[in-house]
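Okay, structure first, notes after.
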Amino acid sequence: MGKIRAVCISREKGTAKSSVGRALAIEDFGLENDAHAGKWHRQVSLLPYEEIEKFKAEGAPVTDGSFGENLITEGLKLRELSPGTRLRAGGALLEVTQIGKECHKDCAIRQQIGDCVMPREGIFARVLTGGAARPGDPVTVE
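So the sequence shown is numbered by my numbering: it starts at 37 and just counts up by one.
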């Protein structure tokens, strides 16, 4: 079992997200008020806290949401999950749809730092059942 370390949203695609105290995951849409929400397969992005910390240890000045991630999780090996895996994240039920992604070279973090962990370590999911997500909530594989 893992937990949510941070919940992040942004108003525009291609930009860093900002940490918020909580967010509402909306069924088959994504996080309320997030630019990446919509009727597609990458409604919610997740990134492990442990990977962000490794990046910080190399001197990168990043904060929660810098990689465009919605949920920062701790204690789960997200890259070991496979599409179709269901995760309970706080009150929401998510289904993993994609592991990693192809990086577009003009993302804000790559421009600033020269590298980005989201393509290597991030995963994406769609919302099966809506619910609130906040830091400290458990994340479990169902």
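The beta carbon of each residue, even a glycine, is placed where N, CA and C say it ideally should be.
Between the alpha carbons of residue i and residue j, how many angstroms are there, rounded?
| i | j | result |
| --- | --- | --- |
| residue 124 | residue 64 | 15 angstroms |
| residue 53 | residue 122 | 24 angstroms |
| residue 167 | residue 92 | 31 angstroms |
| residue 90 | residue 98 | 11 angstroms |
| residue 150 | residue 96 | 10 angstroms |
| residue 147 | residue 101 | 15 angstroms |
| residue 49 | residue 169 | 21 angstroms |
Please identify the residue among the options whose C-alpha is closest to the C-alpha of residue i.
| i | options | result |
| --- | --- | --- |
| residue 47 | 106, 138, 92 | 106 |
| residue 72 | 45, 101, 135 | 45 |
| residue 160 | 108, 173, 69, 126 | 108 |
| residue 68 | 128, 133, 120, 50 | 128 |
| residue 133 | 164, 175, 42 | 164 |
Reducing DSSP to helix, strand and coil, say where residue i ends up.
| i | result |
| --- | --- |
| residue 155 | helix |
| residue 203 | Here the chain comprises residues numbered 37 to 178, so residue 203 is not present and cannot be evaluated. |
| residue 36 | Residue 36 is absent from the structure shown; the chain starts at 37 and stops at 178. |
Given a threshold of 16 other Cβ atoms within 10 Å of its Cβ, counted over all protein chains shown, does residue i qualify as buried or as exposed?
| i | result |
| --- | --- |
| residue 58 | exposed |
| residue 118 | exposed |
| residue 116 | exposed |
Over the uninterrupted alpha helix (DSSP H) stretch that includes residue i, give me the two end residues.
| i | result |
| --- | --- |
| residue 87 | 85-93 |
Just reading off the beta strand (DSSP E) that residue i is part of, what are its end residues?
| i | result |
| --- | --- |
| residue 176 | 174-177 |
| residue 43 | 38-45 |
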